[in-house]
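Residue numbers (my numbering), protein chains in the order written: chain F, 6 to 340; chain B, 6 to 340; chain C, 20 to 187; chain X, 20 to 187.
By construction, the Cβ of each residue, glycine as well, lies at the ideal position given by its N, Cα and C atoms.
Because the structure is a prediction, the values reported are computed rather than measured.
Reviewing the structure listed below.
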Amino acid sequence: MNAPADLAKVITSQPDADLGYRSFELGGFKFRRDEYFAHITWTTRDGRPLSHTMDVANFLRALMRDVAWGFFYGGVNFDHVIGTTNHYKTVDLYCGSYNGTMKAAGVDRLENFPTEQIAATFQQMLDDWTNEGFDPFAAPQETGTAYGRKRGNNTAAITRARELAKRCVGLKDDLALRTDERGAPVNRAFADVPQDQPELHPEPGFENEVHAFNLFAFLSRSQVTWNPSFTSVVKYSYMCPTTEEHILPIIHANDRVEWFFQMCDEIHWDCADKTTGKPLARVIMKAGDMAAMPAYCRHQGYSPKRSMLLVWENGSPNLVYEIQKGESPEVPVQF
Amino acid sequence: MNAPADLAKVITSQPDADLGYRSFELGGFKFRRDEYFAHITWTTRDGRPLSHTMDVANFLRALMRDVAWGFFYGGVNFDHVIGTTNHYKTVDLYCGSYNGTMKAAGVDRLENFPTEQIAATFQQMLDDWTNEGFDPFAAPQETGTAYGRKRGNNTAAITRARELAKRCVGLKDDLALRTDERGAPVNRAFADVPQDQPELHPEPGFENEVHAFNLFAFLSRSQVTWNPSFTSVVKYSYMCPTTEEHILPIIHANDRVEWFFQMCDEIHWDCADKTTGKPLARVIMKAGDMAAMPAYCRHQGYSPKRSMLLVWENGSPNLVYEIQKGESPEVPVQF
Amino acid sequence: MNVSYHTKFGSLSNYEKGRVEPIDDDVKHYAFSNCFEIASKSKPYEKVVFGQNQIYVLECLRAEGESPWYTCAHDEFALVMDGEVEVHLIQLEAPQQVSDADKNGAVLVEGTPRGKKMGWMKLKRGHQGLLPKNTAYQFRSAKPGVVILQTCKGDLSIERWADICQVQ
Amino acid sequence: MNVSYHTKFGSLSNYEKGRVEPIDDDVKHYAFSNCFEIASKSKPYEKVVFGQNQIYVLECLRAEGESPWYTCAHDEFALVMDGEVEVHLIQLEAPQQVSDADKNGAVLVEGTPRGKKMGWMKLKRGHQGLLPKNTAYQFRSAKPGVVILQTCKGDLSIERWADICQVQ
Ligand SMILES: [Fe+3]
Ligand SMILES: [Fe+3]
Numbered sequence: 006m007n008a009p010a011d012l013a014k015v016i017t018s019q020p021d022a023d024l025g026y027r028s029f030e031l032g033g034f035k036f037r038r039d040e041y042f043a044h045i046t047w048t049t050r051d052g053r054p055l056s057h058t059m060d061v062a063n064f065l066r067a068l069m070r071d072v073a074w075g076f077f078y079g080g081v082n083f084d085h086v087i088g089t090t091n092h093y094k095t096v097d098l099y100c101g102s103y104n105g106t107m108k109a110a111g112v113d114r115l116e117n118f119p120t121e122q123i124a125a126t127f128q129q130m131l132d133d134w135t136n137e138g139f140d141p142f143a144a145p146q147e148t149g150t151a152y153g154r155k156r157g158n159n160t161a162a163i164t165r166a167r168e169l170a171k172r173c174v175g176l177k178d179d180l181a182l183r184t185d186e187r188g189a190p191v192n193r194a195f196a197d198v199p200q201d202q203p204e205l206h207p208e209p210g211f212e213n214e215v216h217a218f219n220l221f222a223f224l225s226r227s228q229v230t231w232n233p234s235f236t237s238v239v240k241y242s243y244m245c246p247t248t249e250e251h252i253l254p255i256i257h258a259n260d261r262v263e264w265f266f267q268m269c270d271e272i273h274w275d276c277a278d279k280t281t282g283k284p285l286a287r288v289i290m291k292a293g294d295m296a297a298m299p300a301y302c303r304h305q306g307y308s309p310k311r312s313m314l315l316v317w318e319n320g321s322p323n324l325v326y327e328i329q330k331g332e333s334p335e336v337p338v339q340f
Numbered sequence: 006m007n008a009p010a011d012l013a014k015v016i017t018s019q020p021d022a023d024l025g026y027r028s029f030e031l032g033g034f035k036f037r038r039d040e041y042f043a044h045i046t047w048t049t050r051d052g053r054p055l056s057h058t059m060d061v062a063n064f065l066r067a068l069m070r071d072v073a074w075g076f077f078y079g080g081v082n083f084d085h086v087i088g089t090t091n092h093y094k095t096v097d098l099y100c101g102s103y104n105g106t107m108k109a110a111g112v113d114r115l116e117n118f119p120t121e122q123i124a125a126t127f128q129q130m131l132d133d134w135t136n137e138g139f140d141p142f143a144a145p146q147e148t149g150t151a152y153g154r155k156r157g158n159n160t161a162a163i164t165r166a167r168e169l170a171k172r173c174v175g176l177k178d179d180l181a182l183r184t185d186e187r188g189a190p191v192n193r194a195f196a197d198v199p200q201d202q203p204e205l206h207p208e209p210g211f212e213n214e215v216h217a218f219n220l221f222a223f224l225s226r227s228q229v230t231w232n233p234s235f236t237s238v239v240k241y242s243y244m245c246p247t248t249e250e251h252i253l254p255i256i257h258a259n260d261r262v263e264w265f266f267q268m269c270d271e272i273h274w275d276c277a278d279k280t281t282g283k284p285l286a287r288v289i290m291k292a293g294d295m296a297a298m299p300a301y302c303r304h305q306g307y308s309p310k311r312s313m314l315l316v317w318e319n320g321s322p323n324l325v326y327e328i329q330k331g332e333s334p335e336v337p338v339q340f
Numbered sequence: 020m021n022v023s024y025h026t027k028f029g030s031l032s033n034y035e036k037g038r039v040e041p042i043d044d045d046v047k048h049y050a051f052s053n054c055f056e057i058a059s060k061s062k063p064y065e066k067v068v069f070g071q072n073q074i075y076v077l078e079c080l081r082a083e084g085e086s087p088w089y090t091c092a093h094d095e096f097a098l099v100m101d102g103e104v105e106v107h108l109i110q111l112e113a114p115q116q117v118s119d120a121d122k123n124g125a126v127l128v129e130g131t132p133r134g135k136k137m138g139w140m141k142l143k144r145g146h147q148g149l150l151p152k153n154t155a156y157q158f159r160s161a162k163p164g165v166v167i168l169q170t171c172k173g174d175l176s177i178e179r180w181a182d183i184c185q186v187q
Numbered sequence: 020m021n022v023s024y025h026t027k028f029g030s031l032s033n034y035e036k037g038r039v040e041p042i043d044d045d046v047k048h049y050a051f052s053n054c055f056e057i058a059s060k061s062k063p064y065e066k067v068v069f070g071q072n073q074i075y076v077l078e079c080l081r082a083e084g085e086s087p088w089y090t091c092a093h094d095e096f097a098l099v100m101d102g103e104v105e106v107h108l109i110q111l112e113a114p115q116q117v118s119d120a121d122k123n124g125a126v127l128v129e130g131t132p133r134g135k136k137m138g139w140m141k142l143k144r145g146h147q148g149l150l151p152k153n154t155a156y157q158f159r160s161a162k163p164g165v166v167i168l169q170t171c172k173g174d175l176s177i178e179r180w181a182d183i184c185q186v187q
């Protein structure tokens, strides 16, 4: 096995003379961008060249999540062809392997990489390909265009740290509340969300235990979309609320059952078979609705107005092994 | 059968109080838009409600072509769910009928409408849903956003007449050349295309027969994308060149073989099965390349830079009957 | 452009439920329910499980009047989705605490809770409160409200999936 | 922002050919070829069919030197993709015209074309010229060039699909 220093070595070209972007190579995959597209090329299992084209704004929005989430739980499909599967120390990169037709035709490619190698490549690609004024985390109505020739960068936006409470938002030595002063103003679409904090009446000495915070106010100040934070933790039960607007930039194929609790407004979900991509169901979620995404599905959401979604994840490290052994249930509950 | 006046009656709501857009109904299909999406709902063949969500910019770009082309040849898929099939006096509107999984599951809906009825509905929907500053014919880098609340309209842009030469561009009484004066400046991406006209040396009296024009200069002045004009006609053989940038907003499922001649730059095509949507091939076309789209495929192109594509169509009215009788070949040539 | 938005929350008196639209799947696999619907059909403080993942659950409670005193060997969190709910906390003395530190889920405090008063808080819609492990806590709600509990499945958890979930 | 674009045309001396990348189909069904490649392997003025749809064809011609004189019962069009090609036109007298008004495709004029000189034109890359029906026309090209003809399939049309198309 290569030394970590080698693993993090990124294979990249000089910037294109006209377009200004670098190309990247990772194993048998090549990536280049132009004004409108990300182009991915590979050699198929049966040895032929194949290519795929994605709108570069959609590609960068997907890449942003994959990078920011450390490849997340399970599969992150950028679209119906390309994506990654997280094995938590290594990551599969594939084209066509979870597309029923392409897989059957033998034209797919899947390669496993040490996490640090693919992470380093993706991070550099994201940074090189993201122009000044384009924020892949922002809602489409709140950012400029991803298109055109290379102009500047937006490193600050794409390297935002994920906000992860250890126990609960607002506790001493834990994730702070969001405020104007901390650069988190209320989003335009949540201007009507009350900003009051809970009435707390701690007896002396119990100030850090008699604790509550306004979750909806906290979420109304989220600067990003489709990017869960941790706000409260019970053992390995993580409340991962997030604010959603427009389209989830990835099609998530979780390796475990994942629960959604819609806290306001609405999201429409397309659910499809994880392995083949075939449509399975639509899930229309309104304020107060709860739904589980079975572990055999991939899901992509559409949020017409910025909305608050509570993603509830089981982050138990044992679960990874149970999933590998096939002991983890694919459906949320039997009844 | 209803009288034509009834057929053209459009079923529409009052504008939504917040969003400003009207909703539309056509047979068992309902259409509404919000800031980001077009929502289509229908009752499935087995009687259940089903819905579909499309990014509204993509929806309007597709709707624009379907309206402008009079439903075109064969099938115009807006995406993998919704689309139309032209029967030339009537038009099918469908959701899921050409999606292998949805069709097999019985959740699709297909209804046939007189052309004038669906045309009137689509035209009004397009006009109501297209905001000032958004031109669905324009390349993404050359237009404003489709998103947000209703603001004004762009009727002039969406009612452009199709440019159809009867014999040849530039002949007397035929389609005129494009010039600055006629509102057709050279596009930014074709600034380097020579604008010289052919040297013509007609003998007296043959000025309208010794005729040629600069097709590439003509195309360099196209104000629209993915919108073929007729430039020369031999019987029912139509040269339909067009300038392409970004993504073809529809997935075209022609009912006949269709030929593409790439005249400059390049376009990448995704080809899939017409009936099921399963991927069949990619076609990478560069300057000078010719390719046929077999009649059993649906195709969608990606043009990284504005490029010139000659679409070559057989518009013979007999062909419709031959297709109906299954006498028309699905492949371009046997060898 | 200056447009104003209306954020749509639900409540016991006013909610709209979505749905699963199956294409080629069993709707039961989506365990689709609605907290306001559940709470509108529950008795006060029934701990109705409406999300579960191994040992972890989300419970939906109708908050109405005074709840019993609970205690739990691990932290829990209460998120108010409707109404105004007071949470009263007592630093429970060791004998009344859950003796098994690994025990999942809340239990009723046996008898009257003994220990220092820690204080109380008043949670409105969107407020989320910590229920620290090994304390005793009680909900008080003058009018019916809805509380979501992040906890582990325990003795008091009630499962009635077929009643709360969309089944076809 | 002011960016400048380079429009990429092909030529006999400099072209890059694309390809069909089959996923689950026969590449022959896409009849994929390239006009510069065809013309680079053709004899002067061979009318190589590289697009056909029922009676209609697109032909690819290598323009080099003087062509024979052609005539046709219907209009045709010539698009120059490379080089500089002169087209000379004669208003052909009736006896030399194609006798069958429905006959598809160009034929050679028998003998020397007789009739009024109509004039000539010089077509460079991107220029498209009308070849009016029942005229005689001749191409003249000092250096090798490439002409695309929009016409119907006729006696002079040459089909060699297996040679020009990507076959695997
Ligand atoms: Fe997910
Ligand atoms: Fe087409």
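Relative to the C-alpha of Gln200(F), which candidate in Glu208(F), Ala189(F), Phe118(F) has its C-alpha closest? In the first sequence, counting from the first residue as 1, residue 200(F) sits at position 195. Comparing Cα positions, the closest option is Ala189(F).
Indicate whether at least one CB of chain C lies closer than 8 Å to the CB of Arg287(F). Residue mapping note: residue 287(F) aligns to position 282 of the first sequence, counting from 1. With 8 Å as the cut-off, Arg287(F) counts as an interface residue toward chain C.
Residues in its own chain within less than 8 Å of Lys135(C) by CB, not counting five upstream and five downstream? Along the third sequence, read from residue 1 onward, the residue named residue 135(C) stands at position 116. Result list for Lys135(C): Ile109, Gln110, in chain order.
Since Ser18(F) meets chain C, which of its residues come closer than 7 Å, beta carbon to beta carbon? Residue 18(F) sits at position 13 when you count from the first residue of the first sequence. Ordered by position in chain C, no residue passes the 7 Å Cβ test against Ser18(F), which lies about 42 Å from the chain.
Cβ pair Ala170(B), Ser237(B) closer than 8 Å: Taking the second sequence and counting its residues from 1, the one referred to as residue 170(B) is at position 165. Taking the second sequence and counting its residues from 1, the one referred to as residue 237(B) is at position 232. Yes, these two residues count as a Cβ contact at 8 Å.
Does any CB atom of chain B fall closer than 8 Å to the CB of Asn104(F)? As a first step, residue 104(F) must be located in the first sequence, where it is residue number 99. By this cut-off, Asn104(F) is an interface position.
Taking 7 Å as the cut-off, is the beta-carbon of Met69(B) closer than that to any non-hydrogen atom of ligand 2? Reading the second sequence from its first residue, position 64 is the one you call residue 69(B). Remark: the C-beta of Met69(B) is outside contact range of ligand 2, defined as less than 7 Å to any heavy atom.
For ligand 2, is there any heavy atom lying closer than 7 Å to the beta carbon of Asn259(B)? What you label residue 259(B) is simply residue 254 of the second sequence in a count that begins at 1. Yes, since a heavy atom of ligand 2 falls inside the 7 Å radius drawn around the Cβ of Asn259(B).
Using the beta-carbon of each residue, which ones in chain E are nearer than 8 Å to Ser23(C)? No chain E is part of this structure, whose protein chains are labelled F, B, C and X.
Using a Cβ cut-off of 7 Å, pull out every chain F residue sitting near Asp51(B), in sequence order please. Counting from one through the second sequence, the residue named residue 51(B) turns up at place 46. Correct list: empty, because the minimum Cβ distance to chain F is about 15 Å.
heavy atom of ligand 2 below 7 Å from Met298(B) C-beta: To locate residue 298(B), count along the second sequence from 1; it is residue 293. Yes.
Taking only heavy atoms of ligand 1 into account, decide whether any of them is closer than 7 Å to the Cβ of Glu263(F). One-based indexing of the first sequence puts residue 263(F) at position 258. True, at least one ligand heavy atom lies under 7 Å from that Cβ.
Identify which residue in Pro114(X), Ser23(X), Gln73(X), Gly164(X) has its Cα closest to the Cα of Glu332(B). Working through the second sequence from its first residue, we reach residue 332(B) at position 327. Closest by C-alpha distance to Glu332(B), out of Pro114(X), Ser23(X), Gln73(X), Gly164(X), is Gln73(X).
Please identify, using Cβ separations under 9 Å, the residues of the segment 30-45 of chain C that lie next to chain F, in order along the chain. Of all residues in the segment 30-45 of chain C, Ser30, Tyr34, Glu35, Lys36, Gly37, Arg38, Val39, Glu40, Pro41, Ile42, Asp43, Asp44, Asp45 have a Cβ within less than 9 Å of some Cβ in chain F.
Anticipated Cβ contact below 8 Å, Gln185(X) with Arg38(X), distance rounded: Residue numbering aside, residue 185(X) sits at position 166 when the fourth sequence is read from its first letter. Residue numbering aside, residue 38(X) sits at position 19 when the fourth sequence is read from its first letter. Going by Cβ atoms, the distance from Gln185(X) to Arg38(X) rounds to 6 Å, so yes, they are a contact pair.
Beta-carbon proximity check, Tyr78(F) vs Gly88(F), cutoff 8 Å: In the first sequence, counting from the first residue as 1, residue 78(F) sits at position 73. In the first sequence, counting from the first residue as 1, residue 88(F) sits at position 83. The Cβ atoms of Tyr78(F) and Gly88(F) do not sit closer than 8 Å to each other.
Would you identify the three-state DSSP class for Met20(C), choosing helix, strand or coil? The residue labelled residue 20(C) in the question sits at position 1 within the third sequence. Any reading at Met20(C) must be qualified, since the residue scores a pLDDT of 47, below 50, and its modelled position is unreliable; no value is offered.
Where does the unbroken beta strand (DSSP E) through Ser312(B) begin, and where does it stop? Translated into the one-based positions of the second sequence, residue 312(B) becomes position 307. First-last of the beta strand (DSSP E) with Ser312(B): 302-319.
Out of curiosity, what's the CA-to-CA distance linking Ala58(X) and Met100(X)? Against the fourth sequence, residue 58(X) aligns to sequence position 39. Against the fourth sequence, residue 100(X) aligns to sequence position 81. Ala58(X) and Met100(X): Cα-Cα distance of roughly 11 Å.
Inter-residue Cα distance where the pair is Val128(C) and Gln115(C): Along the third sequence, one-based indexing puts residue 128(C) at 109. Along the third sequence, one-based indexing puts residue 115(C) at 96. The C-alpha of Val128(C) lies about 7 Å from the C-alpha of Gln115(C).
Leaving out five residues on either side along the sequence, give the residues of the same chain with a beta carbon under 6 Å from the beta carbon of Leu115(F). Taking the first residue of the first sequence as 1, we reach residue 115(F) at position 110. Excluding the 5 residues flanking it on each side, Leu115(F) has same chain C-beta neighbours closer than 6 Å at Asp97, Tyr99, Ser102, in chain order.
Does the segment 125-136 of chain F come within contact of the segment 64-79 of chain F, defined as at least 3 CB pairs closer than 8 Å? Yes, they touch.
Only counting the same chain, and skipping five residues up and downstream in sequence, which positions put a Cβ closer than 7 Å to that of Leu324(B)? By 1-based counting over the second sequence, the position of residue 324(B) is 319. Take Leu324(B), set aside five residues on each side of it, and the residues of its chain with a beta-carbon closer than 7 Å to its own are Arg261, Ser333, in chain order.
Coil, strand or helix - Glu249(F) by DSSP: To locate residue 249(F), count along the first sequence from 1; it is residue 244. Here DSSP, grouped into helix, strand and coil, assigns Glu249(F) to strand.
Selection of the segment 252-279 of chain F by Cβ proximity to chain B, strictly under 8 Å: Per Cβ criterion, the list reads Ile252, His273, Asp275.
With DSSP as the reference, please indicate the residues paired to His44(F) in a beta bridge. Counting from one through the first sequence, the residue named residue 44(F) turns up at place 39. Note: His44(F) sits in a beta bridge opposite Arg37(F), Thr58(F).
Using a Cβ cut-off of 9 Å, pull out every chain C residue sitting near Met107(B), in sequence order please. Stepping through the second sequence from its first residue, residue 107(B) is reached at position 102. Within 9 Å Cβ-Cβ: Ile42, Asp43.
Ligand 1 and His304(F): does the residue's C-beta get closer than 7 Å to at least one heavy atom of that ligand? Numbered from its first residue, the first sequence carries residue 304(F) at position 299. Correct: His304(F) has its Cβ closer than 7 Å to ligand 1.
So, Ser308(F) versus His257(F), is the Cβ gap smaller than 8 Å? Within the first sequence, numbered from 1, the residue matching residue 308(F) stands at position 303. Within the first sequence, numbered from 1, the residue matching residue 257(F) stands at position 252. No, the pair does not count as a contact, with Cβ atoms beyond the cut-off.
If we ignore side chains and look at the alpha-carbon of each, how far apart do Ala297(F) and Asp132(B) end up? Within the first sequence, residue 297(F) is the residue found at index 292, counting from 1. Within the second sequence, residue 132(B) is the residue found at index 127, counting from 1. Rounded to whole angstroms, Ala297(F) to Asp132(B) spans 39 Å at the Cα level.
What is the DSSP secondary structure of Gln169(C), counted as helix, strand or coil? The count along the third sequence starts at 1 and reaches residue 169(C) at position 150. Gln169(C) falls in the strand class under three-state DSSP.
Does the segment 154-174 of chain C touch the segment 228-244 of chain F, meaning 3 or more C-beta pairs lie closer than 8 Å? Taking a cut-off of 8 Å for Cβ pairs, the segment 228-244 of chain F and the segment 154-174 of chain C touch, as three or more such pairs fall below it.
Whole-angstrom C-beta distance between Phe69(X) and Ile183(X), which should lie under 8 Å: Position 164 of the fourth sequence, counted from the start, is the residue given in the question as residue 183(X). Position 50 of the fourth sequence, counted from the start, is the residue given in the question as residue 69(X). The beta carbons of Ile183(X) and Phe69(X) sit about 6 Å from each other, so the pair counts as a contact at 8 Å.
Asp39(B) touches chain F at which residues, Cβ-Cβ below 9 Å? Here residue 39(B) refers to the residue found at position 34 when the second sequence is read from its first residue. What Asp39(B) touches in chain F, judged by beta-carbon distance under 9 Å, is Pro309, Lys310, going in chain order.
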